[in-house]
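Please read the structure below before turning to the comments.
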Amino acid sequence: MPDIIFPGPDGRLEGRYTHGPEANAPIALILHPHPLYGGTMNNKVVYNLFHVFAKRGFSVLRFNFRGVGRSQGVFDHGTGELSDAASALDWLQAYNPNASAVWIAGFSFGAWISMQLLMRRPEIDGFISVAPPAGMYDFGFLAPCPSSGLIIQGTDDKIVAEPEVAKLAQRLALQKGIKIDYKKVQGADHFFEGKLDELTAACDKYVKTSLVPTSARAGKGAVAANSNPQSGPQSGS
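Each position in the sequence shown, counted from 1, maps to that position plus 8 in the numbering used here.
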């Protein structure tokens with residue numbers, strides 16, 4: 009898992025990268041939570057997401073947004089961070105020109121940035137969005153959401169309200185041509201303290217299933233049956 013430095017729109021960006029075992033390995037980009045609340049690429053949720061994809065044979069990159077760690081620049085309230093993410097995806101694709109698929113994942117603020125990048129990069133095939141800050145940030149740009157994906161949320165999150173995330177999942181699931189899986193982790197707070205194993209297992213199961221086309225995943229435009237969607241930091245939000 010080498011440290012890397014790659015060019016960003018406002019100076020160099022610092023990342024961690026692992027290369028997949030196959031020449032056409034799929035690629036995944038992982039985005040961290042809010043820089044002003046201690047969010048970095050070493051956040052536990054981000055670290056676990058990184059290893060979920062690496063375990064499944066992806067070439068995976070996580071990196072620090074501008075102004076975090078050794079990344080140059082200063083926090084730009086989302087606009088610059090979206091440009092950083094686009095540069096990171098550019099680097100990842102240039103290094104893996106024969107990638108068989110492109111995924112993106114993000115946690116909290118990183119989930120908001122990841123979903124914006126999803127709208128701008130049609131080559132992205134799938135996503136995992138952990139605790140997307142619905143109700144805190146505008147997700148109205150997802151009209152329509154271009155890719156299927158997993159949204160996962162803790163029921164005891166005091167930073168991002170679970171009912172707001174459920175509404176977002178339901179709205180996206182009404183769109184034709186995609187499938188949104190919505191998973192609640194019972195008793196989990198915003199940082200999934202004591203629940204990281206459950207979070208990791210759910211994400212790993214989703215990636216594993218999604219990489220193998222089956223009739224079970226052919227249904228479109230519905231929240232997965234296990235979601236029950238009716239039922240705002242520690243380090244980074």
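The beta-carbon is built from N, C-alpha and C at its ideal position, and this holds for glycine as well.
Nearest neighbour of residue i, chosen from the options [CA to CA]
i: A36; options: L21, K63 and G46; result: K63
i: K175; options: P154, G148 and H27; result: G148
i: F73; options: F14, I167, A33 and K187; result: F14
i: P17; options: A113, G46, N32 and A93; result: A93
i: G134; options: A113, L150 and L207; result: A113
i: S67; options: H198, K52 and A31; result: A31
i: D84; options: F117, F200, A209 and D205; result: F117
i: L158; options: S95, G28 and K216; result: K216
i: K203; options: G19, I160 and V110; result: I160
i: L207; options: L57, A142 and D165; result: L57
Three-state secondary structure (DSSP) of residue i
i: T26; result: strand
i: Q183; result: coil
i: S155; result: coil
i: V110; result: strand
i: G19; result: strand
i: F83; result: coil
i: F58; result: helix
i: F200; result: coil
i: R129; result: coil
i: L44; result: helix
i: A33; result: coil
Anticipated Cβ contact below 8 Å, residue i with residue j, distance rounded
i: E22; j: R70; result: That belief does not hold up - the Cβ atoms of E22 and R70 are roughly 10 Å apart, past 8 Å.
i: T48; j: H40; result: 6 Å
i: T163; j: K192; result: 5 Å
i: G140; j: M123; result: In the sequence as presented, Gly is not what sits at residue 140; that position holds Pro. That pair is a contact at about 7 Å.
Unbroken beta strand (DSSP E) run spanning residue i, endpoints
i: G77; result: Element bounds for G77: n/a, residue is neither H nor E.
i: K166; result: K166 -> no beta strand (DSSP E), and no H or E assigned at all.
i: G134; result: G134 to V138
i: Y190; result: I188 to V193
Cross-strand partners of residue i (DSSP beta bridge)
i: R70; result: R24 and I38
i: I12; result: G23
i: Y145; result: A142
i: F115; result: V138
i: I246; result: Missing from the structure shown is residue 246; the chain here goes from 9 to 245 and no further.
Residue i beta carbon near the ligand GTP (any heavy atom closer than 7 Å)
i: D212; result: Within the structure as shown, the ligand GTP is missing, as the structure has no ligands at all.
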